[in-house]
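Numbers given in the working numbering equal positions in the sequence shown, counted from 1, plus 81.
By construction, the Cβ of each residue, glycine as well, lies at the ideal position given by its N, Cα and C atoms.
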Amino acid sequence: MTPFLLTEVLQQAMLQAARTARLKAYAPYSRFQVGAAVLDQQGRIHAGCNVENAAYPEGVCAEAGALSAMVLTGSLRVRAMLVVGTGGAWVTPCGGCRQKLREFGAPDTPVITANETAMGPRYTLAQLLPESFGPEHLKTP
Ligand code: THU
Numbered sequence: 082m083t084p085f086l087l088t089e090v091l092q093q094a095m096l097q098a099a100r101t102a103r104l105k106a107y108a109p110y111s112r113f114q115v116g117a118a119v120l121d122q123q124g125r126i127h128a129g130c131n132v133e134n135a136a137y138p139e140g141v142c143a144e145a146g147a148l149s150a151m152v153l154t155g156s157l158r159v160r161a162m163l164v165v166g167t168g169g170a171w172v173t174p175c176g177g178c179r180q181k182l183r184e185f186g187a188p189d190t191p192v193i194t195a196n197e198t199a200m201g202p203r204y205t206l207a208q209l210l211p212e213s214f215g216p217e218h219l220k221t222p
């Protein structure tokens, strides 16, 4: 496979997609808007926003929405994820979303944080979810 380059241009496109998605967030309860973008194996970008619910636990994170959008197009590999939160602190995916990303990512998949004005620290999926459980564990020999 050709080596994958997460170019500055791609990162900026992800940032733009996540920021645009964030503005669509439905977060009337927390007022905490989140946008996420995933880059797939074909170089396409899929975005999502958080969608809250009056039955609070039924709310969906931005990262989950972005992954659903990717799967809908037939793509099943994530090359990078970028998350734009609200306020000063950098937002990384919650535990559940780290596991959701684990399904379609790899240990070295970059997870980039950002806010309205800047890019923040970046991590690998393995840093955020070490010693994780994934599809290969379900394969019987
Ligand atoms: N949220 C996300 O969408 N992604 C994250 O990484 C952290 C939290 C959402 C869930 C909820 O709608 C709001 O942010 C506050 O927790």
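With 16 other Cβ atoms within 10 Å as the buried cut-off, status of residue 139
In the sequence shown, residue 139 corresponds to position 58, counting from 1. Residue 139 comes out exposed.
Mapping DSSP to helix, strand and coil, what is residue 263?
A query on residue 263 cannot be resolved here, the shown segment of the chain reaching from 82 to 222 and no further.
So, at 8 Å on beta carbons, what are the nonlocal neighbours of residue 190 in its own chain, with the 5 sequence-adjacent residues on each side left out?
In the sequence shown, the residue the question calls residue 190 occupies position 109. Result list for residue 190: 159, 160, 161, 162, 182, 205 and 206, in chain order.
Quick check: the segment 145 to 155 against the segment 195 to 205, are at least 3 beta-carbon pairs closer than 8 Å?
no
May I have all residues whose beta carbon comes closer than 6 Å to any heavy atom of the ligand THU, sorted in chain order?
108, 111, 113, 115, 131, 133, 140, 142, 143, 144, 164, 172, 174, 175 and 178
In whole angstroms, what is the alpha-carbon distance linking residue 100 and residue 221?
Counting from 1 along the sequence shown, the entry for residue 100 is found at position 19. Counting from 1 along the sequence shown, the entry for residue 221 is found at position 140. Roughly 42 Å between the two C-alpha positions.
In this structure, does DSSP put residue 178 in helix, strand or coil?
In the sequence shown, residue 178 corresponds to position 97, counting from 1. Note: residue 178 maps to helix in three-state DSSP.
Could you name the residues that DSSP lists as bridge partners for residue 202?
As a first step, residue 202 is located in the sequence shown; it is residue number 121 there, counting from the start. Residue 202 is not bridged to any residue.
Anticipated Cβ contact below 8 Å, residue 185 with residue 209, distance rounded:
Walking along the sequence shown from the start, residue 185 turns up at place 104. Walking along the sequence shown from the start, residue 209 turns up at place 128. Their Cβ separation, rounded to whole angstroms, is 14 Å, which puts residue 185 and residue 209 out of contact at 8 Å.
Residue 146 (DSSP reduced to helix, strand or coil)
Taking the sequence shown and counting its residues from 1, the one referred to as residue 146 is at position 65. The answer is helix: DSSP assigns residue 146 an H, G or I state.
Can you give the Cα-Cα distance for residue 88 and residue 133, rounded to whole angstroms?
For the purposes of this step, residue 88 is taken as residue 7 along the sequence shown, with counting starting at 1. For the purposes of this step, residue 133 is taken as residue 52 along the sequence shown, with counting starting at 1. When rounded, the distance between both Cα atoms is 33 Å.
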